[in-house]
Ligand SMILES: Cc1cc2nc3c(=O)[nH]c(=O)nc-3n(C[C@H](O)[C@H](O)[C@H](O)COP(=O)(O)OP(=O)(O)OC[C@H]3O[C@@H](n4cnc5c(N)ncnc54)[C@H](O)[C@@H]3O)c2cc1C
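Okay, structure coming up:
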């Protein structure tokens, strides 16, 4: 038994769903296939879903800003009702600490200025007045918990910070995936769950569909790899990995779920705190809790894993992260009981995603999201649909990169920036910050 579609998308996470939605909006008969039971059950289910604008590259900032408008206007972006309700954007603001590593945010502020994103610069004294629960001393560069210097101030005050009031997070990332599914189905899209892709079909030197674990073949002239942390396995299946200068791997990550300091309503008085000086980030979470994650400081080991076989328990990293955040918020409790999530990033060699064609005609990839692309999914869907449309109409993207126009911020994105054939982007942070 085989069925014919215009495009098959492997994965129904936030990225695969976004690609399916935008292709369906353009009239394609799409099929998203996922081996899990529902949309957004992969790594998207554990995302912190933070929407922030500070990236190390102008392109990163522009993608985040452009996507922001779709999150604000989510029901219209999806364009169809969902019986489960709609995900929504929660505005919290974001404090970003200046340090040597991020060049004291000089570039970031220039990119924000260029896009007219509002922010406020705060010196340590103003910061202490603005967020009285914050310790403004410098603790970095971060070290491991066993280092005698851990938790000790390393100088005077931090260099300052910026506060970006429009930042926030999406309340329910899994629901956002379900919304995308409903939006896609309302056009001509279909979803198939509990179905594992085991082979990329190849006919006359181009992608022709996929084979599932039960032997079923699904046929389409376009196949998109949106398999998240499994992206490298799918690229290997398609035989395109050798043709990539930038590749992807799966990285284990832990996010801690801790109560807010006593007497502090963190959802009202707190904000997202992105802090390279302590190597940690945090965001408010419902029930007056905080989610605390790592900003991947250089001293920490990076645990590259097989996404089908890795230890999903917390490690010493959990307590280290909370203790790092407690350097900035001294009243933060450090609970004995470890709560939170363990999941995977799909990391590219320079921590910047790959949105591209491949050496196999008809086979595309939206991969390498490197722990920082949930927020950009609405634009990624549009950009991939544009790329696929142009290339299928005969455009040679590798030699003449597709230019994509952002609807809201009215600028042009050179899709070649995300090429698998690029040299590593030197201005990347080589961390989750992108
Ligand atoms: C802990 C954590 C925190 C994060 N925090 C943020 C944040 O605050 N802000 C932000 O912007 N980004 C964040 N990210 C990153 C963001 O969540 C990811 O970039 C995004 O969710 C990736 O989506 P995806 O659709 O590519 O992957 P996934 O959601 O993993 O979807 C891929 C899907 O492919 C399916 N699949 C794989 N192989 C096969 C196969 N052979 N056959 C069929 N199906 C297959 C999987 O089952 C899966 O459902 C975070 C990520 C993590 C893990």
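Residue numbers (my numbering): 633 to 1066. For glycine and all other residues, C-beta sits at the position ideal for the given N, C-alpha and C. Since the structure is predicted, the reported quantities are computational estimates derived from the model, not experimental observations.
query = Nearest CA to the CA of residue 818: which residue from 758, 728, 713 and 725?
reply = Locating residue 818 in the chain shown gives position 186, where the first residue counts as 1. Out of 758, 728, 713 and 725, 713 has the C-alpha closest to the C-alpha of residue 818.
Beta-carbon contacts of residue 803 that lie in its chain and below 7 Å, excluding the five residues immediately before and after = Mapped onto the chain shown, residue 803 falls at position 171. Hits under 7 Å: 719, 720 and 722.
task = Would you mind sorting residue 826 into buried or exposed? The rule is 16 or more other CB atoms within 10 Å of its CB.
result = The residue you call residue 826 lines up with position 194 of the chain shown. Exposed, since its Cβ has fewer than 16 Cβ neighbours within 10 Å.
task = Buried or exposed for residue 936, please, with buried defined as at least 16 other CB atoms from any protein chain shown within 10 angstroms of its CB.
result = Here the question's residue 936 lines up with position 304 in the chain shown. Its Cβ having fewer than 16 others within 10 Å, residue 936 is exposed.
inquiry  = Quick check: does the Cβ of residue 828 come within less than 7 Å of any heavy atom belonging to ligand 1?
reply    = Residue mapping note: residue 828 aligns to position 196 of the chain shown, counting from 1. It does: the Cβ of residue 828 is within 7 Å (strictly closer) of some heavy atom of ligand 1.
Ligand 1 heavy atom lying under 7 Å from the CB of residue 658 = On the chain shown, position 26 is the one that residue 658 refers to. Answer for residue 658: no, Cβ out of range of ligand 1.
Neighbourhood of residue 959 by C-beta, 7 Å cutoff - its chain only, sequence neighbours within 5 removed = Here the question's residue 959 lines up with position 327 in the chain shown. Result list for residue 959: 767, 771, 783 and 910, in chain order.
task = With residue 916 as the anchor, note down where its beta strand (DSSP E) starts and where it stops.
result = Taking the first residue of the chain shown as 1, we reach residue 916 at position 284. Counting along the chain, the beta strand (DSSP E) containing residue 916 begins and ends at 912-917.
query = Helix, strand or coil: which one does DSSP assign to residue 1048?
reply = On the chain shown, residue 1048 is found 416 positions in, with the first residue counted as 1. Three-state result, residue 1048: helix.
key: Sequence-distant residues of its chain with Cβ nearer than 8 Å to residue 1020 (five each side left out)   = The residue given as residue 1020 occupies position 388 in the chain shown. 639, 655, 854, 856 and 996, listed in sequence order.
task = Using 7 Å as the cut-off, classify the Cβ of residue 977 as near or not near the heavy atoms of ligand 1, replying yes or no.
result = Here residue 977 is taken as the residue at index 345 of the chain shown, counted from 1. Yes; taking the cut-off as 7 Å, the Cβ of residue 977 has a heavy atom of ligand 1 nearer than that.
query = Does the Cβ-Cβ distance between residue 806 and residue 677 come in under 8 Å?
reply = The count along the chain shown starts at 1 and reaches residue 806 at position 174. The count along the chain shown starts at 1 and reaches residue 677 at position 45. Contact flag set, yes.
Whole beta strand (DSSP E) elements within the stretch 851-922, 3-residue minimum = 854-857, 880-891, 904-907 and 912-917
query = For residue 861, is the beta carbon positioned less than 7 Å from some heavy atom of ligand 1?
reply = Numbered from its first residue, the chain shown carries residue 861 at position 229. For ligand 1, at least one heavy atom lies less than 7 Å from the Cβ of residue 861.
Within 8 Å, strictly: CB atoms of residue 860 and residue 978 = Working through the chain shown from its first residue, we reach residue 860 at position 228. Working through the chain shown from its first residue, we reach residue 978 at position 346. Yes, Cβ-Cβ distance for residue 860 and residue 978 is below 8 Å.
Expected contact under 8 Å - CB spacing of residue 642 and residue 866 to nearest Å = Along the chain shown, read from residue 1 onward, the residue named residue 642 stands at position 10. Along the chain shown, read from residue 1 onward, the residue named residue 866 stands at position 234. 6 Å between Cβ atoms; contact.
key: Span separating the alpha-carbon of residue 864 from that of residue 1039   = Locating residue 864 in the chain shown gives position 232, counting from the first residue. Locating residue 1039 in the chain shown gives position 407, counting from the first residue. Rounded to whole angstroms, residue 864 to residue 1039 spans 32 Å at the Cα level.
ask   = Given a threshold of 16 other Cβ atoms within 10 Å of its Cβ, counted over all protein chains shown, does residue 603 qualify as buried or as exposed?
value = The chain is shown from 633 up to 1066; residue 603 falls before or after that span and cannot be answered.
message = Taking contact to mean 3 or more Cβ pairs, one atom from each stretch, closer than 8 Å, check whether the stretch 944-961 and the stretch 1004-1022 are in contact.
response = no
Residue from 851, 1000, 758 and 1062 whose Cα sits closest to the Cα of residue 789 = Counted from its first residue, the chain shown places residue 789 at position 157. The shortest Cα separation from residue 789 among 851, 1000, 758 and 1062 belongs to 758.
request  = Verify whether the separation of the beta carbon atoms of residue 607 and residue 924 is less than 8 Å.
outcome  = Past the boundaries of the shown model lies residue 607; the chain is included only from 633 to 1066, so the question cannot be answered.
Candidates 973, 705 and 663, of which the one nearest residue 852 by Cα = One-based indexing of the chain shown puts residue 852 at position 220. For residue 852, the nearest C-alpha among the options comes from 663.
ask   = Leaving out five residues before and five after residue 743 in sequence, what residues of the same chain have Cβ atoms less than 7 Å from its Cβ?
value = The residue you call residue 743 lines up with position 111 of the chain shown. Excluding residues within five positions, the ones whose Cβ falls inside 7 Å are 690 and 693.
inquiry  = At 3 residues or longer, what runs of the beta strand (DSSP E) sit wholly inside the stretch 952-1032?
reply    = 972-980, 986-988 and 995-999
request  = Report back the beta-carbon spacing between residue 984 and residue 902 to the nearest angstrom; my notes put them in contact at under 8 Å.
outcome  = Taking the first residue of the chain shown as position 1, residue 984 is located at position 352. Taking the first residue of the chain shown as position 1, residue 902 is located at position 270. So it is not a contact: roughly 30 Å between Cβ atoms.
Proximity of residue 828 and residue 749 at Cβ, strictly below 8 Å = If you number the chain shown from 1, residue 828 lands on position 196. If you number the chain shown from 1, residue 749 lands on position 117. Taking 8 Å as the Cβ cut-off, residue 828 and residue 749 do not qualify as a contacting pair.
task = Would you list the one or two residues that DSSP bridges to residue 726?
result = Start at 1 with the first residue of the chain shown, and residue 726 comes out as number 94. DSSP output for residue 726 lists 796 and 904 as bridge partner(s).
task = Buried or exposed for residue 708, please, with buried defined as at least 16 other CB atoms from any protein chain shown within 10 angstroms of its CB.
result = In the chain shown, the residue the question calls residue 708 occupies position 76. Looking at its Cβ environment, which holds fewer than 16 other Cβ atoms inside 10 Å, residue 708 is exposed.
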